[in-house]
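A.B. asks: Last residue of the sequence shown: 128 (my numbering), numbering continuous. The structure is given below, and queries will be raised subsequently.
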Amino acid sequence: MNNKLQSTLSLCQRAKKLQLGFDQVKEAVQLGEVKAVFVAADLSDKSKKEVCFFCSKAGVPVHCLPLVKEEIKIAVRKGSGVLGITEEGLAKNLMQQSEALQ
Numbered sequence: 027m028n029n030k031l032q033s034t035l036s037l038c039q040r041a042k043k044l045q046l047g048f049d050q051v052k053e054a055v056q057l058g059e060v061k062a063v064f065v066a067a068d069l070s071d072k073s074k075k076e077v078c079f080f081c082s083k084a085g086v087p088v089h090c091l092p093l094v095k096e097e098i099k100i101a102v103r104k105g106s107g108v109l110g111i112t113e114e115g116l117a118k119n120l121m122q123q124s125e126a127l128q
């Protein structure tokens, strides 16, 4: 099942609809470019709290992926615990897949 999530993340990256990393995602959220933010299951509580704070100020939904950073790294070739999706359809697809696994 996680393979489908990883494939969708890989598709997002190839389509250039993926922001990776805390600082890059935060900036994109503040600019209104991000439709949804996803965090890795093993992201620290402090980082999750900060992500939720800046996303709530901007009205962007935050979802926890059932993937750890290492699994995300396999999918997108970069290690990161915070991901922003800039395209509405891909964001909804990833949300649905993530919710189905939890």
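Every residue gets a Cβ at the ideal spot worked out from N, C-alpha and C, and that includes glycine. Remember, predicted model here, so these are calculated numbers, not experimental data.
(1) Can you check DSSP and say which residues form a bridge with Q45?
(2) Given that a residue counts as buried once 16 or more other Cβ atoms are within 10 Å of its Cβ, and exposed if not, what is S106?
(3) Roughly how many angstroms separate the alpha carbons of A84 and I100, rounded to a whole number?
(4) Write down the C-beta distance between K74 and V65 rounded to the nearest angstrom, noting that I regard them as a contact closer than 8 angstroms.
(5) V108: which of E114, A126, L35, K30 sits nearest, CA to CA?
(6) Is M27 helix, strand or coil when you go by DSSP?
(7) Ignore the nearest five residues each way along the sequence and tell me which others in H89's own chain have a CB closer than 6 angstroms to its CB.
(8) When you compare each of Q128, A126, T112 to R40 by their alpha carbons, which one comes out closest?
(9) Given G47, which residues of its chain have a CB within under 7 angstroms of its CB, disregarding the five upstream and five downstream residues?
(10) Note the first and the last residue of the continuous alpha helix (DSSP H) segment covering V102.
C.D. replies: In short:
(1) Looking at the DSSP assignment, Q45 forms a beta bridge with G110.
(2) So S106 ends up on the buried side.
(3) C-alpha separation (whole angstroms): 30 angstroms.
(4) Contact between K74 and V65 holds: CB atoms are separated by about 6 angstroms, below the 8 angstroms threshold.
(5) Comparing alpha carbon positions, the residue from E114, A126, L35, K30 closest to V108 is L35.
(6) With a pLDDT of 45 at M27, under the threshold of 50, the modelled position of that residue is not reliable, and the figure given next carries that caveat. In the displayed model, M27 falls within coil according to three-state DSSP, outside both helix and strand.
(7) By the criterion of a C-beta distance shorter than 6 angstroms, H89 is surrounded in its chain by F64, M121, S124, once the five residues flanking it on both sides are discounted.
(8) Answer by Cα proximity: T112.
(9) The answer, listed in chain order, is S106, V108.
(10) Start and end: 95 to 102.
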